[in-house]
Amino acid sequence: MKKLLVMAVLLGASTSALAADVYSPAGGVVCDKKAGYCVDDEGISMGMTSKYLGEQAYNKLDKTLGNGTDINLGEYTLSNGVHCNSEAKQCYKDRFYPRTPDKKEKTLTQQIFGKAQ
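If you count by mature numbering (1 follows the signal peptide of the UniProt record, and there is no 0), then the sequence shown holds residues -19 to -1, 1 to 98, one letter each, in order.
Right, dumping it as structure tokens:
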């Protein structure tokens, strides 16, 4: 019984720690400390990354993206596994297809796009 309780506490703690990495510092913005970027309704945002995660995160993201060609900043997966598509204005519980209605993630969709579907 004690082993089960310890396991439950550890799992809960790791989930809480992971959730703390993804947060909304302002309306329409979600930042992911672990992934090192912030997003708005258009996708990954260099400006929001600099503002909320700092110059070091901005520089790292800038280096990672390079010249930005062939990169779709409007579609991304957060460190908690949630995948968002700015064109569709929708987040999903994971990045895998098919994207059925039960896979829609309401909280982050609301925080980023201002709607829940």
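Note that the Cβ used here is the ideal one computed from N, Cα and C, for glycine as well.
As the structure is a computational prediction, the values presented were derived from the model and not from experiment.
(message) So the candidates are Lys74, Arg80, Tyr78, Cys65; which of them puts its Cα closest to the Cα of Phe94?
(response) Between Phe94 and the set Lys74, Arg80, Tyr78, Cys65, the nearest pair of CA atoms involves Cys65.
(request) Please confirm whether Met29 and Val10 have their CB atoms less than 9 Å apart. (result) Taking C-beta atoms as the reference points, Met29 and Val10 count as a pair closer than 9 Å.
(request) Spatial neighbours of Tyr57 within its chain, please: CB distance less than 7 Å, with the 5 preceding and 5 following residues excluded, ordered by chain position. (result) Counting only Cβ-Cβ distances below 7 Å, and skipping sequence neighbours, we find Val20, Gly24, Ile25, Cys65.
(message) Less than 9 Å between the C-beta atoms of Tyr73 and Val63, yes or no?
(response) The answer is yes: Cβ separation under 9 Å.
(message) Within a Cβ cutoff of 7 Å, which residues of the same chain sit near Gly17, ignoring the five residues on either side of it in sequence?
(response) Here the set comprises Leu34, Ala38, Lys41, Leu42.
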